[in-house]
Amino acid sequence: MSRYTKELENGNTVAFGFDSALGYFIDEFGPDKDGEDALVLSESSLLTGMGNGKMVELMKKYELPEAHIERVVMDLPI
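Following this line, the structure appears as structure tokens:
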């Protein structure tokens, strides 16, 4: 399993990676109205049926490392 995180300019955090059970996953967390961490976006190959194309699209949106994007394009674990 791999899991990477990146702080976004808006203060939210994006977590992404690969798990042998979930496949690729990407989640965005941000504060809710009470200031607690809340899930803003949650996608995975297994749970939401996200394909590699959508994963690449989201990774580019969040400006994640090109080397990681290339691994998804080649269908390799991140």
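Per my numbering, residue 4 is the first one in the sequence shown, and the count goes up by one each step. No residue lacks a Cβ here, since even glycine has one placed at the ideal position from N, Cα and C. Computed from a predicted structure; not experimentally measured.
Note on geometry: alpha-carbon atoms of residue 20 and residue 9 lie some 12 Å from one another.
DSSP places residue 46 within a strand segment (E or B) once states are collapsed to three. As DSSP reads the structure, residue 6 sits in a beta bridge with 20. About 5 Å separates the CB atoms of residue 32 and residue 16; that is less than 8 Å, so the two are in contact.
Counting of Cβ neighbours within 10 angstroms places residue 76 among the exposed residues, the total staying below 16.
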